[in-house]
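Undergrad: First residue of the sequence shown: 0, per numbering that gives the first Met the number 0; consecutive thereafter.
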Amino acid sequence: MAVVKFAIPKGSLEKATFDLLERAWYKIYGRERTYRPKISDPQIELKILRPQEIPIFVAEGLHDVGITGRDWIQEGRADVETLLDLEYGRVKLVVAVPKDLDVASLTDLFRRFWRQGRKVRISAEYLNITADYVKANPLYRRTFGRKEPLIITPWWRRGTNDRVSIYLSFGATEAKPPEDTDVIIDVIETGTTLERNNLKPIETILESTAVLIANRRALRDRQKREKIYDIMTLLKGVIDSEKKLHIFVNVRQENLEKLLRALPALKRPTVSPL
Numbered sequence: 000m001a002v003v004k005f006a007i008p009k010g011s012l013e014k015a016t017f018d019l020l021e022r023a024w025y026k027i028y029g030r031e032r033t034y035r036p037k038i039s040d041p042q043i044e045l046k047i048l049r050p051q052e053i054p055i056f057v058a059e060g061l062h063d064v065g066i067t068g069r070d071w072i073q074e075g076r077a078d079v080e081t082l083l084d085l086e087y088g089r090v091k092l093v094v095a096v097p098k099d100l101d102v103a104s105l106t107d108l109f110r111r112f113w114r115q116g117r118k119v120r121i122s123a124e125y126l127n128i129t130a131d132y133v134k135a136n137p138l139y140r141r142t143f144g145r146k147e148p149l150i151i152t153p154w155w156r157r158g159t160n161d162r163v164s165i166y167l168s169f170g171a172t173e174a175k176p177p178e179d180t181d182v183i184i185d186v187i188e189t190g191t192t193l194e195r196n197n198l199k200p201i202e203t204i205l206e207s208t209a210v211l212i213a214n215r216r217a218l219r220d221r222q223k224r225e226k227i228y229d230i231m232t233l234l235k236g237v238i239d240s241e242k243k244l245h246i247f248v249n250v251r252q253e254n255l256e257k258l259l260r261a262l263p264a265l266k267r268p269t270v271s272p273l
């Protein structure tokens with residue numbers, strides 16, 4: 000019997016993920032006490048991990064299936080199969096600057112800073128996405144070509160263009176401007192945190208939701224594939240059921256046909272005479 004290793008995201012996605020699994024008729028045991036909770040299916044083995052790690056671990060085959068955000072798949076450049084959009088954990092990854100900075104785009108900011116001879120400092124948890132986004136900016140390309148922006152972490156530096164420096168953020172990214180950095184790249188749900196820190200979003204890089212992903216080799220294993228598709232089917236059933244509504248109506252027999260003609264439905268409603 001093949002056991003499917005299932006990675007569950009810790010943090011902001013954790014509660015919604017366990018709620019979804021329980022609505023799919025799985026029973027979870029010990030989720031508050033351990034990183035290895037038990038599940039009511041002997042063919043599934045759970046482990047709680049950071050969502051940042053899950054795409055890489057699944058891609059490498061350390062886990063067969065997992066739930067994470069689309070943003071972390073893109074950041075890790077992970078080669079995984081995305082099976083299902085779970086439609087929760089919806090966030091935007093945005094470029095944000097102090098409110099009193101009179102710019103409407105990253106291009107505006109680059110133009111202003113470089114004309115003044117200033118370097119641009121960016122704080123972000125998403126180093127790869129940020130670097131790719133900077134390099135794709137039309138003004139950056141015209142000015143520096145393919146030159147890599149400088150990426151700075153406590154352990155290493157990468158890139159040669161110190162006119163744009165990207166600093167790794169370990170959290171509280173919105174607290175960095177204006178003293179430590181000029182720009183941040185951060186995820187938002189409502190924008191309230193930016194507002195409280197006197198910041199404004201000027202561009203949206205991407206939108207992200209939680210997704211179910213699988214290792215490509217695991218999907219080629221017949222037994223694992225069947226179990227992974229079982230998981231996907233149960234989760235999809237929960238998601239689809241939340242978009243449908245059951246309507247129960249008591250109606251006189253003489254009004255039945257008129258009511259049926261008026262009700263929109265994919266199929267004819269079930270009629271149970273009393």
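Glycine is no exception: its CB is placed at the ideal position from the N, C-alpha and C atoms. Remember, it's a predicted structure, so these values are computed and weren't measured experimentally.
Could you pull the start and end residues of the beta strand (DSSP E) that residue 3 belongs to?
TA: From DSSP, the beta strand (DSSP E) with residue 3 extends over 3–8.
Undergrad: Which whole-angstrom value describes the C-beta separation of residue 173 and residue 185, a residue pair presumed to lie in contact below a C-beta threshold of 8 Å?
TA: Correct: roughly 6 Å between the Cβ atoms.
Undergrad: So, do the stretch 161–180 and the stretch 117–132 have three or more beta carbon pairs nearer to each other than 8 Å?
TA: Yes: at least three Cβ pairs fall under 8 Å.
Undergrad: Would DSSP call residue 126 helix, strand or coil?
TA: If DSSP states are grouped into helix, strand and coil, residue 126 belongs with the helices.
Undergrad: Helix, strand or coil, according to DSSP, for residue 80 in the structure here?
TA: Reduced to three states, the DSSP call for residue 80 is strand.
Undergrad: Rounded to a whole number of angstroms, what is the C-alpha to C-alpha distance between residue 52 and residue 247?
TA: Cα-Cα distance, rounded: 46 Å.
Undergrad: Mind checking which residues open and close the alpha helix (DSSP H) that includes residue 105?
TA: Where residue 105 is concerned, the enclosing alpha helix (DSSP H) stretches over 105–114.
Undergrad: Of the residues 19, 21, 206, 34, which one's Cα is nearest the Cα of residue 89?
TA: When each option's Cα is compared against that of residue 89, the closest is 206.
Undergrad: Closer than 8 Å is the cut-off here; do at least three beta carbon pairs connect the stretch 146–160 with the stretch 62–77?
TA: With a cut-off of 8 Å, the stretch 62–77 and the stretch 146–160 do not count as touching, because too few Cβ pairs lie within range.
Undergrad: Within this structure, are the beta carbons of residue 13 and residue 47 separated by less than 9 Å?
TA: Yes, Cβ-Cβ distance for residue 13 and residue 47 is below 9 Å.
Undergrad: Check residue 196 in the structure and name its three-state DSSP category.
TA: Correct three-state label for residue 196: coil.
Undergrad: Given residue 217, which residues of its chain have a CB within under 6 Å of its CB, disregarding the five upstream and five downstream residues?
TA: So the qualifying residues of the chain are 63, 223.
Undergrad: Do residue 226 and residue 43 have their beta-carbon atoms positioned less than 9 Å apart in this structure?
TA: Yes, they are a contact pair.
Undergrad: In whole angstroms, what separates the C-alpha of residue 212 from that of residue 58?
TA: So the two alpha carbons sit approximately 9 Å from each other.
Undergrad: Quick check on the DSSP output: the alpha helix (DSSP H) that includes residue 261 runs from which residue to which?
TA: 255–261 is the span of the alpha helix (DSSP H), which, as asked, contains residue 261.
Undergrad: Give me the residue from 189, 228, 242, 261 with the minimum Cα distance to residue 82.
TA: Nearest option by C-alpha distance: 228.
Undergrad: Which complete alpha helix (DSSP H) runs does the stretch 114–180 hold, if anything under 4 residues is left out?
TA: The qualifying runs are 126–135, 137–143.
Undergrad: First and last residue of the alpha helix (DSSP H) that includes residue 272?
TA: First-last for residue 272: undefined, no H or E at that position.
Undergrad: Where does residue 16 land, buried or exposed, given buried means 16+ other C-beta within 10 angstroms?
TA: The residue in question, residue 16, is buried, as its Cβ has 16 or more Cβ neighbours within 10 Å.
Undergrad: Can you give the Cα-Cα distance for residue 145 and residue 35, rounded to whole angstroms?
TA: Roughly 45 Å separates the two Cα atoms.
Undergrad: Counting only the same chain and skipping the five closest in sequence on each side, list residues whose C-beta sits under 7 Å from that of residue 238.
TA: Within the same chain, residue 238 has close Cβ partners 85, 86.
Undergrad: Count the other CB atoms within 10 Å of the CB of residue 258; is the residue buried (16 or more) or exposed (fewer)?
TA: So residue 258 counts as exposed.
Undergrad: Would you say residue 109 and residue 45 are within 9 Å of each other, going by their C-beta atoms?
TA: No, the Cβ-Cβ distance between residue 109 and residue 45 is not below 9 Å.
Undergrad: Quick check: what's the CA-CA separation for residue 253 versus residue 28?
TA: Answer to the nearest angstrom: the Cα atoms are 53 Å apart.
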